[in-house]
Amino acid sequence: MHSLDSLGPDVVEIVWPLVIVLTYVGALLTGVVKSLTTDRQPNRRNIRIVTAVLTIPIWLIVASLSFLWFDLFKQPPTLAELQHDFPSKRADLEMLLGMSDEDANFSRIAPDFVDGAPYDPNEIRRSLGNPPKAGLPKARWDLYRAIFLRNGINLGV
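Counting from 1, position 44 in the sequence shown corresponds to residue 29 in the working numbering; the numbering is continuous, with no gaps.
So, in structure tokens, the structure goes:
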């Protein structure tokens, strides 16, 4: 019989994480199989609860990787990309600039809400899905939204 010490320190450093991962995966697979094959209700429920708890690390890893992928690795466009795209978007962007100057009484106009400039500093005039309530006609908001959609503007002006 060989002990792990006889394999050398490099192999032992690789073996332990592998043993832990394989044990985890084995426990998870055992839980899934037993939860599907066990007939007795209390045991079946308990096995499913334990299996669900065992999936928590997997969900945390997936959530972390999703966050990294969509938030940290997504870079804003470069100056060259902006210069390349500008001629095709120029008319819409100039129209958007003119419209936003005319609607200066709104602090924000986005695809999914409108913020009207409050008369009282303690008042918030946000209107979700009902821009006339904030003072912007629906046809005007629809024009903003069409320009946002055509040009990939997600956060509004």
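Each residue gets a CB set at the ideal place from its N, CA and C atoms; glycine is no exception.
Residue 227 - DSSP class collapsed to helix/strand/coil: Outside the modelled stretch of the chain, which goes from -14 to 142, sits residue 227, for which no answer is possible.
Residue from 48, 94, 45, 2 whose Cα sits closest to the Cα of residue 131: Answer by Cα proximity: 94.
Range of the contiguous alpha helix (DSSP H) that encloses residue 47: Looking at the DSSP string, the run of the alpha helix (DSSP H) that includes residue 47 is 41 to 52.
Straight-line gap, residue 66 to residue 60 (C-alpha atoms, nearest Å): Roughly 12 Å between the two C-alpha positions.
The stretch 27 to 44 touching the stretch 7 to 16, judged by at least three CB pairs closer than 8 Å: Result yes; three or more Cβ-Cβ pairs closer than 8 Å.
Nonlocal neighbours in the same chain, by C-beta distance under 6 Å from residue 74, ignoring five residues either side: Cβ-Cβ distances below 6 Å link residue 74 to 136 in the same chain, with the five nearest sequence neighbours on each side left out; the list follows chain order.
Within 8 Å, strictly: CB atoms of residue 146 and residue 101: The displayed coordinates of the chain run from -14 to 142. Any statement about residue 146 would go beyond what the structure contains.
Residue 58 (DSSP reduced to helix, strand or coil): The DSSP-derived three-state label of residue 58 is coil.
Nearest candidate by alpha-carbon position, reference residue 88, set 78, 69, 96, 122: Per the Cα distances, 122.
Sequence-distant residues of the same chain with beta carbon closer than 8 Å to residue 12, five excluded per side: Closer than 8 Å at Cβ, skipping near neighbours: 39.
Residue 6 versus residue 53 - alpha carbon distance: Rounded to the nearest angstrom, the two C-alpha atoms are 23 Å apart.
First through last residue of the alpha helix (DSSP H) which encompasses residue 72: Run containing residue 72: 64 to 87, per the alpha helix (DSSP H) assignment.
Beta-carbon proximity check, residue 142 vs residue 81, cutoff 8 Å: Cβ atoms of residue 142 and residue 81: closer than 8 Å.
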